[in-house]
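Chemist: Sequential numbering of the sequence shown, starting at 24, is according to our numbering. First the structure, which I've put down as structure tokens, then a few questions once you've had a look.
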Amino acid sequence: MDYGATTFDVCITVAMKGCDAISIRTCQELEGPMCDYLSSQYEKPIILTWPVLPETPKGQSKEKWDKWLSKFEPKYVVYYAFGSQLILQKKQFQELVLGFEMTGLPFFIALSKPAGV
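Encoded structure:
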């Protein structure tokens, strides 16, 4: 098939129709209904591979955060995880943290280093 003038979504659709199985880097708990939908639409098995995460480094950093978290009652600290795909600009990061600080609650943020820092 000539892909020269074909849009990206058409290329993906053709590839998914022509394959034996579809592999997605996710898990049933996160995107189960969407994976079930894709499987039924394309009549293909969906292979979920889970996100591949680097091994958590052991050492002083873990001990530092364990000590900090132990100062609070269970289920009291607000945890915000934005994932590795979201990269904020420095100003966006500052506004986000300011908003969290204004709640007056202890919080823990997991995100990629802001652009420009």
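The beta carbon of each residue, even a glycine, is placed where N, CA and C say it ideally should be. Here the structure is a predicted model, which is why all the values come from computation and not from measurement.
Thinking C-beta only, is I35 closer than 9 angstroms to I69?
Modeler: Contact: no.
Chemist: Below 8 angstroms, can you find three or more Cβ-Cβ pairs linking the segment 117-129 to the segment 94-109?
Modeler: The answer is yes - the segment 94-109 touches the segment 117-129, with three or more Cβ pairs under 8 angstroms.
Chemist: Could you name the residues of the same chain whose beta carbon sits closer than 7 angstroms to that of L71, not counting the 5 residues immediately before and after it, in chain order?
Modeler: If we look at L71 and ignore the five residues flanking it on each side, its Cβ neighbours are I47, T49, C50, Q51 and C58.
Chemist: Helix, strand or coil: how does DSSP classify G41 here?
Modeler: Note: G41 maps to helix in three-state DSSP.
Chemist: Hey, quick one: how far does the beta strand (DSSP E) through F131 stretch, first residue to last?
Modeler: It spans F130 to L134 - the beta strand (DSSP E) in which F131 sits, taken as one unbroken run.
Chemist: Thinking C-alpha only, which one of E54, E66 and L53 is nearest K40?
Modeler: It is E66 whose Cα lies nearest to the Cα of K40.
Chemist: Can you tell me whether DSSP reads F105 as helix, strand or coil?
Modeler: DSSP places F105 in strand when its eight states are reduced to three.
Chemist: Can you find the residues in the same chain that come closer than 6 angstroms, C-beta to C-beta, to A104, ignoring five residues on each side of it along the sequence?
Modeler: A133.
Chemist: For K113 and G122, I'd like the C-alpha separation in whole angstroms.
Modeler: Distance between the alpha carbons of K113 and G122 is about 14 angstroms.
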